[in-house]
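Just so you know, we're using our numbering here: the sequence shown kicks off at 7 and counts up by one. Idealized CB from N, CA, C, for every residue including glycine.
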Amino acid sequence: MNVVEFIREKKEHFQQNNAKFIAQLEPKFRDLSDKLNHKITNTLNNPWFSRFNPFEDEQNEEKPLIQTAEVKKMYANLEKKIGEETYLGEWFIIDQSCIDQFAQVTGDKQWIHTDPERAKKESPFRTTIAHGFLTLALIPTLTETVDPEKNPYPEAKMIMNYGLNQVRFPVPVKSGLRVRARTRLIGLVPMKRSIEVVNEISIEIENSSKPACVAETVLRLYF
7 MNVVEFIREK
17 KEHFQQNNAK
27 FIAQLEPKFR
37 DLSDKLNHKI
47 TNTLNNPWFS
57 RFNPFEDEQN
67 EEKPLIQTAE
77 VKKMYANLEK
87 KIGEETYLGE
97 WFIIDQSCID
107 QFAQVTGDKQ
117 WIHTDPERAK
127 KESPFRTTIA
137 HGFLTLALIP
147 TLTETVDPEK
157 NPYPEAKMIM
167 NYGLNQVRFP
177 VPVKSGLRVR
187 ARTRLIGLVP
197 MKRSIEVVNE
207 ISIEIENSSK
217 PACVAETVLR
227 LYF
């Protein structure tokens, strides 16, 4: 037997054994798969699991549904205001103390924010400026949504900050200037146990034609 024939014979032998091995394993894997599918199905159908389904919120988001009369009434009232300005806040001074406290908490202590003397000489603004994120962080205060006595959604048991769609900082706020917030309702999404509210918040600077910040905020109102 030459080398070529030997290799061919071994190859055929290996293929035959491999086929037998696969044939023996297939029924075992098939049986294991059937058992696994059966257990998963039973688990998903279990009343306890369905009650605490971790994917429930995602499913509800795909198929928004208002269930209670209270939520329906609130949604109907808000829907009438879409596109309208719903709030105009009071003026708020962003002074150096406010800027310094934010710098201390966040660790952003760049001289353009924290060194008035250097900023006066080297900054194009000739003074220190507030952090963009400080302006953004002031939105709850400027819109008074954290004031329990001026709650814009008193019917809701709880209000949660769900996030932001987009944020822009057209111009910086110089230290010592006053700012205020304007709120415009731009979107609503009915959920199973809540209403998602999208507001456009504009942070105005006193005596400036451009805003310091424009952000779309997303709130969840729970009932």
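Pull up the distance between the alpha-carbon of residue i and that of residue j, whole angstroms please.
{"i": "Ser-56", "j": "Lys-198", "result": "In this prediction, Ser-56 scores a pLDDT of 43, lower than 50, which makes its location untrustworthy; no coordinate-derived value is stated."}
{"i": "Tyr-228", "j": "Glu-206", "result": "20 Å"}
{"i": "Trp-117", "j": "Ile-211", "result": "22 Å"}
{"i": "Leu-225", "j": "Ile-165", "result": "7 Å"}
{"i": "Leu-183", "j": "Asn-83", "result": "36 Å"}
{"i": "Thr-103", "j": "Gly-169", "result": "The residue you asked about is not Thr; residue 103 is Ser in the sequence shown. Whole-angstrom Cα-Cα distance: 28 Å."}
{"i": "Glu-62", "j": "Glu-150", "result": "Only weak support exists for where Glu-62 lies, its pLDDT of 48 falling under 50; the value from the coordinates is given anyway. The straight-line gap from Cα to Cα measures roughly 32 Å."}
{"i": "Glu-202", "j": "Val-177", "result": "29 Å"}
{"i": "Pro-158", "j": "Lys-78", "result": "17 Å"}
{"i": "Ser-129", "j": "Ala-221", "result": "26 Å"}
{"i": "Tyr-81", "j": "Asp-101", "result": "39 Å"}
{"i": "Pro-154", "j": "Asp-114", "result": "31 Å"}
{"i": "Asn-171", "j": "Ala-143", "result": "15 Å"}
{"i": "Glu-85", "j": "Pro-196", "result": "10 Å"}
{"i": "Asn-213", "j": "Pro-122", "result": "22 Å"}
{"i": "Asn-167", "j": "Arg-124", "result": "37 Å"}
{"i": "Val-173", "j": "Thr-223", "result": "9 Å"}
Please return the same chain residues whose Cβ sits closer than 6 Å to the Cβ of residue i, not counting the five positions on each side in sequence.
{"i": "Ile-209", "result": "Thr-141, Val-185, Ala-187, Pro-217, Ala-218, Cys-219"}
{"i": "Ile-88", "result": "Leu-191"}
{"i": "Leu-94", "result": "Arg-188"}
{"i": "Phe-175", "result": "Gly-138, Cys-219"}
{"i": "Lys-156", "result": "Glu-150"}
{"i": "Ser-200", "result": "Arg-226, Leu-227, Tyr-228"}
{"i": "Gly-193", "result": "Val-204"}
{"i": "Ile-99", "result": "Arg-184"}
Excluding the 5 residues preceding and the 5 following residue i in the sequence, name in chain order all residues of the same chain whose CB lies nearer than 7 Å to its CB.
{"i": "Pro-160", "result": "none"}
{"i": "Glu-96", "result": "Arg-186"}
{"i": "Asn-66", "result": "Bear in mind that the predicted position of Asn-66 carries a pLDDT of just 49, short of 50, making it unreliable; the figure below should be weighed with that in mind. The answer, listed in chain order, is Met-197, Lys-198."}
For residue i, is the classification buried or exposed, using 16 other Cβ atoms within 10 angstroms of its Cβ as the cut-off for buried?
{"i": "Thr-249", "result": "Look at the range of the chain in this structure, 7 to 229, and you will see that residue 249 is not part of it."}
{"i": "Ser-215", "result": "exposed"}
{"i": "Thr-74", "result": "exposed"}
{"i": "Thr-147", "result": "exposed"}
{"i": "Val-152", "result": "exposed"}
{"i": "Ile-145", "result": "buried"}
{"i": "Ile-135", "result": "buried"}
{"i": "Pro-53", "result": "Confidence is the limiting factor: at Pro-53 the pLDDT is only 48, short of 50, which leaves the residue's position unreliable, though a coordinate-based value still follows. By the neighbour-count rule (16 or more Cβ atoms within 10 Å), Pro-53 is not buried but exposed."}
Suppose the cutoff is 8 Å on Cβ atoms and the five residues either side in sequence are ignored; what does the same chain contact list for residue i look like?
{"i": "Glu-76", "result": "Glu-161, Phe-229"}
{"i": "Glu-91", "result": "Arg-188, Thr-189, Arg-190"}
{"i": "Thr-120", "result": "Ile-105, Asp-106, Ala-109, Thr-134"}
Rounded to whole angstroms, how far is the Cβ of residue i from the Cβ of residue j, which I believe are closer than 8 Å?
{"i": "Thr-133", "j": "Lys-126", "result": "6 Å"}
{"i": "Lys-180", "j": "Phe-131", "result": "6 Å"}
Would you call the region 105-112 and the region 134-143 touching, i.e. three or more CB-CB distances under 8 Å? Contact between the region 105-112 and the region 134-143 is present: 3 or more CB-CB pairs across the two stretches fall below 8 Å.
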